[in-house]
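Chemist:
Number of protein chains: 2
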Amino acid sequence: MSSSSPAGKKATKATIRADNEKLILEAAEAVFAESGFRGATTSQIAERAGIPKANLHYYFPTKKVLYRQVVHNIFTIWLEAANSFDDCDDPVSALSSYISLKMDISRQYPNGSKVWANEILHGAPVIQDYLETSLRDWTQSRVIIINRWISEGKIRPVDPNYLLYMIWSTTQHYADFNHQIETLNQHSPLTDIQFETAKKTVISIILQGIGATPNDRS
Amino acid sequence: MSSSSPAGKKATKATIRADNEKLILEAAEAVFAESGFRGATTSQIAERAGIPKANLHYYFPTKKVLYRQVVHNIFTIWLEAANSFDDCDDPVSALSSYISLKMDISRQYPNGSKVWANEILHGAPVIQDYLETSLRDWTQSRVIIINRWISEGKIRPVDPNYLLYMIWSTTQHYADFNHQIETLNQHSPLTDIQFETAKKTVISIILQGIGATPNDRS
DNA sequence: GTCTATAGAATGATAGAC
DNA sequence: GTCTATCATTCTATAGAC
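Quick note, the sequences are listed as chains A and B, same order.
FYI, in our numbering the residues of the first sequence are 92 to 309.
FYI, in our numbering the residues of the second sequence are 92 to 309.
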């Protein structure tokens with residue numbers, strides 16, 4: 092029935108489970124993004140996934156377990172993307188690639204970003220532990236890197252935390268507020284060209300704003 | 092009972108209504124911010140306002156009417172604040188005061204900003220008309236102003252829309268994501284000094300980022 | 001204008017046949 | 001592993017006495 096397994100492969104119980112879980116998770120991400128945790132109903136999710144509601148509860152015992160899994164998936168994408176920060180020690184390259192990647196993620200996974208935003212907005216009732224461990228560790232290590240750039244004179248002195256918040260908010264805005272952006276753009280999604288312009292605008296303002304323009308370096 | 096009327100003034104029906112509506116609206120803003128539209132229950136709102144649930148339905152017939160009123164109040168604050176943009180024709184002054192005011196609003200009315208963010212996140216089911224009229228008009232008129240600054244050589248050429256989105260997202264982040272910011276700040280709200288530093292960081296990066304630093308002007 | 005009691009509707013979750 | 005029928009709960013909203 093489901094076609095997401097390689098053709099010709101036998102539909103074992105394991106593949107059936109994998110396929111259905113994937114269908115449910117994709118549907119859940121969309122519905123949770125649209126309606127929040129409580130606004131989303133398991134009926135909606137099941138209908139969107141194309142399976143009976145009872146089956147949804149067969150694969151994910153409770154709505155909360157399903158939600159946790161959705162948030163976990165998003166968080167993993169965020170953290171892996173953030174590693175682009177480390178690929179080079181030059182602030183221009185590091186920040187350009189990091190911002191660029193964050194913008195791309197906002198475009199590719201808008202629902203993921205929305206579920207995350209919704210979760211933080213409501214006080215992180217489900218993923219508070221993530222904030223206190225993974226996100227905190229990641230942030231602290233990047234603050235050290237940025238402070239080194241400052242002490243080396245590669246960028247002008249700015250508080251690294253507020254610089255990071257600026258990058259996060261600006262890039263995620265294109266996912267979380269894309270409905271507002273579309274409305275202001277004659278009810279059309281940003282074209283590829285418009286999105287590239289937005290990306291360049293964000294990168295150039297931030298890099299120039301911290302005095303990290305390429306021509307600043309000997 | 093309620094003490095928000097001037098002492099000594101007779102508790103007429105009108106003042107009772109005004110007092111209770113204010114109590115309910117304040118409670119509703121907090122609860123809607125915390126739980127979203129559907130996550131919020133009228134019981135919670137009534138309990139927080141200190142009145143029986145039935146009375147809430149006496150003043151606001153449905154949960155949706157109450158929600159609309161909350162969003163309307165927030166929207167009014169946003170729009171009035173945005174007028175600071177017009178007070179002077181110099182980009183450094185205009186943008187500095189606009190960003191500064193938006194940061195202050197994020198601090199003073201975090202719940203309002205959260206309800207707004209939640210509403211956009213879910214596709215603006217209630218206030219779509221506001222986006223298409225008031226917000227759109229305001230944005231278009233400011234785009235013209237920014238474009239004039241560019242043609243006058245006061246700032247370097249950047250797309251005004253994406254500059255505005257950057258200002259909105261960066262400033263509202265301090266309201267919408269304040270739970271995350273607090274968690275990363277040793278579970279403490281930003282102190283006044285920290286908040287001033289954040290504000291200065293945001294203003295300086297954006298102004299320098301668009302080439303509008305004061306010393307750039309003859 | 002206040003408040004108790006409850007109607008009416010929607011939803012999360014499960015039982016049990018297939 | 002699938003699906004119908006249904007229970008149990010929760011919530012919005014109202015009726016009606018005070």
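A virtual CB, placed ideally from N, CA and C, is assigned to each residue, including glycine.
Using the rule of at least 16 other Cβ atoms within 10 Å of the residue's Cβ for burial, across every protein chain shown, is A:V161 buried or exposed?
Modeler: Classification of A:V161: buried, given that the 10 Å Cβ count is 16 or more.
Chemist: Quick check on A:I168: does DSSP put it in helix, strand or coil?
Modeler: Looking at A:I168 - three-state DSSP - the assignment turns out to be helix.
Chemist: What residue from A:P248, A:I294, A:L222, A:A303 has the CA that sits closest to B:T288's CA?
Modeler: B:T288 has its Cα closest to that of A:P248, out of A:P248, A:I294, A:L222, A:A303.
Chemist: Examine chain A for any beta-carbon lying closer than 9 Å to the beta-carbon of B:W240, and answer yes or no.
Modeler: No - not a single Cβ of chain A is within 9 Å of the one on B:W240.
Chemist: Would you mind telling me which residues of chain A sit closer than 8 Å to B:Q271, beta carbon to beta carbon, in chain order?
Modeler: Chain A residues near B:Q271: I211, A215, L222, L226.
Chemist: Under the assumption that A:N209 contacts A:G127 (Cβ atoms under 8 Å), give the Cβ distance between them as a whole number of angstroms.
Modeler: Right, their Cβ atoms sit about 5 Å apart.
Chemist: Between the region 223–239 of chain A and the region 146–158 of chain B, can you find at least three pairs of beta-carbon atoms closer than 8 Å?
Modeler: Too few Cβ pairs lie closer than 8 Å, so no.
Chemist: Does the structure place the region 193–200 of chain B close enough to the region 262–277 of chain B that three or more beta carbon pairs sit under 8 Å?
Modeler: Yes, since at least three Cβ pairs between the region 262–277 of chain B and the region 193–200 of chain B fall closer than 8 Å, the two stretches touch.
Chemist: Using C-beta distances below 6 Å, list every residue in its chain close to A:S134, excluding the 5 sequence neighbours before and after it, in chain order.
Modeler: Same-chain partners within the cutoff: K144.
Chemist: With a threshold of 16 other CB atoms inside 10 Å of the CB of A:V156, please say whether the residue is buried or exposed.
Modeler: Counting Cβ neighbours within 10 Å, A:V156 comes out exposed, since fewer than 16 surround it.
Chemist: For chain B, check one thing: does any of its Cβ atoms lie closer than 9 Å to the Cβ of A:R129?
Modeler: Yes, because at least one Cβ of chain B sits closer than 9 Å to the Cβ of A:R129.
Chemist: Out of B:I218, B:L281, B:S188, state which residue places its alpha-carbon closest to the alpha-carbon of B:L298.
Modeler: Looking at the Cα atoms, B:S188 is the closest of the given residues.
Chemist: If distances are taken between C-alpha atoms only, which option among A:E117, A:D283, A:T274 comes closest to B:R227?
Modeler: Closest option to B:R227, Cα to Cα, is A:T274.
Chemist: For B:W207, collect the residues of the same chain with a Cβ closer than 6 Å to its Cβ; drop the 5 residues on either side in sequence, then sort them by chain order.
Modeler: Cβ neighbours of B:W207 beyond the five flanking positions: I165.
Chemist: In whole angstroms, what separates the C-alpha of B:A70 from that of B:I190?
Modeler: For chain B, the structure presents residues 92 to 309; residue 70 of chain B sits outside this window and is missing.
Chemist: Please list the partners that A:K205 has in chain B, where partner means a Cβ-to-Cβ separation under 9 Å.
Modeler: Ordered by position in chain B, the residues that pass the 9 Å Cβ test against A:K205 are L212, H213.
Chemist: Determine whether the beta carbon atoms of B:H213 and A:S260 lie at a separation below 9 Å.
Modeler: Not a contact, by the Cβ cut-off of 9 Å.
Chemist: By the criterion of Cβ-Cβ separation under 7 Å, what are the contact partners of A:D250 in chain B?
Modeler: Here the neighbours are T288, T292.
Chemist: What first and last residue would you give for the alpha helix (DSSP H) that runs through A:K104?
Modeler: Here the alpha helix (DSSP H) through A:K104 covers 104–130.
Chemist: What does B:G244 touch in chain A if you count any residue whose Cβ is under 9 Å from its own?
Modeler: Residues of chain A passing the Cβ test: none, with the nearest at roughly 16 Å.
Chemist: What residue range is occupied by the uninterrupted alpha helix (DSSP H) comprising B:R139?
Modeler: Per DSSP, B:R139 belongs to the alpha helix (DSSP H) from 133–140.
Chemist: In whole angstroms, what separates the C-alpha of B:C179 from that of A:I246?
Modeler: Approximately 31 Å, taken between the alpha carbons.
Chemist: Spatial neighbours of B:Q277 within its chain, please: CB distance less than 6 Å, with the 5 preceding and 5 following residues excluded, ordered by chain position.
Modeler: Once the five neighbours on either side are set aside, B:Q277 has no close Cβ partner at all.
Chemist: In chain B, what lies closer than 7 Å to A:M257 by C-beta?
Modeler: Result: T261, V293, I296.
Chemist: Exposed or buried, what is A:A102 when buried is set at 16 or more other beta-carbons lying within 10 Å of its beta-carbon?
Modeler: Under this definition A:A102 is an exposed residue.
Chemist: Given that a residue counts as buried once 16 or more other Cβ atoms are within 10 Å of its Cβ, and exposed if not, what is B:G141?
Modeler: The residue in question, B:G141, is exposed, as its Cβ has fewer than 16 Cβ neighbours within 10 Å.
Chemist: In terms of residue numbering, what span does the alpha helix (DSSP H) encompassing B:P74 cover?
Modeler: Residue 74 of chain B is absent from the model: chain B starts at 92 and stops at 309.
Chemist: Please name the residue in A:A105, A:K104, A:G130, A:H163 whose C-alpha comes closest to that of A:L116.
Modeler: The shortest C-alpha separation from A:L116 is found at A:H163.
Chemist: Between which two residues does the alpha helix (DSSP H) harbouring A:R247 extend?
Modeler: Careful: A:R247 lies outside any alpha helix (DSSP H) and carries neither H nor E.
Chemist: Straight-line CA distance for A:Y158 to A:S242?
Modeler: So the alpha carbons of these two residues sit roughly 43 Å apart.
Chemist: Give me the Cα-Cα distance between B:A137 and B:S204, rounded to the nearest whole angstrom.
Modeler: Answer to the nearest angstrom: the Cα atoms are 22 Å apart.
Chemist: Taking C-beta pairs closer than 9 Å, name the residues in chain A that B:D267 reaches, listed in chain order.
Modeler: A208, I211, L212, S260, D267, listed in chain order.
Chemist: Three-state secondary structure (DSSP) at A:T282?
Modeler: Of the three classes helix, strand and coil, the one that applies to A:T282 here is coil, per DSSP.
Chemist: Under 8 Å Cβ-Cβ, which residues of chain B neighbour A:Y189?
Modeler: None at all; the shortest Cβ gap to chain B is about 16 Å.
Chemist: Hey, would you say A:L186 sits closer than 9 Å to A:A172, going by beta carbons?
Modeler: No, they are not a contact pair.
Chemist: When you compare the CB of B:Y253 with every CB in chain A, is at least one pair closer than 9 Å?
Modeler: Answer yes: the Cβ-Cβ gap between B:Y253 and chain A drops below 9 Å somewhere.
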